[in-house]
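In this note's numbering, the protein residues as written are 22 to 156.
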Amino acid sequence: MKTSVFDFIWSNALREHLSTQVLEPAIECLLIVNSENCSIEQKLEAMKERYDTYSSEDFKKGRYWLCNANDFKTVLKKSIDEKEELLKKMNEVNADFVFTIIDKVSKRSNKCAYRSLASAMATIRTEDEKKKNHS
Numbered sequence: 022m023k024t025s026v027f028d029f030i031w032s033n034a035l036r037e038h039l040s041t042q043v044l045e046p047a048i049e050c051l052l053i054v055n056s057e058n059c060s061i062e063q064k065l066e067a068m069k070e071r072y073d074t075y076s077s078e079d080f081k082k083g084r085y086w087l088c089n090a091n092d093f094k095t096v097l098k099k100s101i102d103e104k105e106e107l108l109k110k111m112n113e114v115n116a117d118f119v120f121t122i123i124d125k126v127s128k129r130s131n132k133c134a135y136r137s138l139a140s141a142m143a144t145i146r147t148e149d150e151k152k153k154n155h156s
């Protein structure tokens with residue numbers, strides 16, 4: 022597998038703890054999809070790898086709770102499709118779409134609206150550069 026589930030875990034302590042265990046495919050997918058420190062593109066790549074690698078039977082292994090979990094592979098495919106659609110919409114410039122910047126860690130927002138993801142990302146990069154230069 023090209024993408025390690027540990028790339029999606031921010032906590033060094035949790036990564037270390039889990040490194041000695043064999044994680045079931047469904048658990049890996051749940052960790053990946055709930056990661057807050059990776060891009061949608063990274064999540065999609067890792068989820069697709071697991072979808073293509075594991076069978077429906079493989080996804081039945083492990084203990085987890087999820088609606089419709091009797092066929093986790095179908096649930097995973099739906100999640101992949103939804104994320105692909107979201108990514109498509111994020112990259113589409115549409116007069117009906119507005120993008121905002123919210124920092125989940127500090128719970129702050131710049132309270133600006135952007136017409137495209139590219140313009141919102143440019144603002145984030147500029148703000149990050151300013152922070153680096155003042156540190």
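Every residue, glycine too, gets a C-beta built ideally from N, C-alpha and C.
Distance between S60 and I5 (C-alpha atoms, nearest Å): This structure does not reach residue 5, given that the chain is present from 22 up to 156, and the question cannot be answered.
Residues near N131 in its chain [Cβ-Cβ closer than 6 Å; skip 5 each side]: I122
Proximity below 9 Å, CB of R136 to CB of V114: yes
Length of the line joining the Cα atoms of C133 and V119: 10 Å
CA-to-CA distance, V26 to E49, given in whole angstroms: 6 Å
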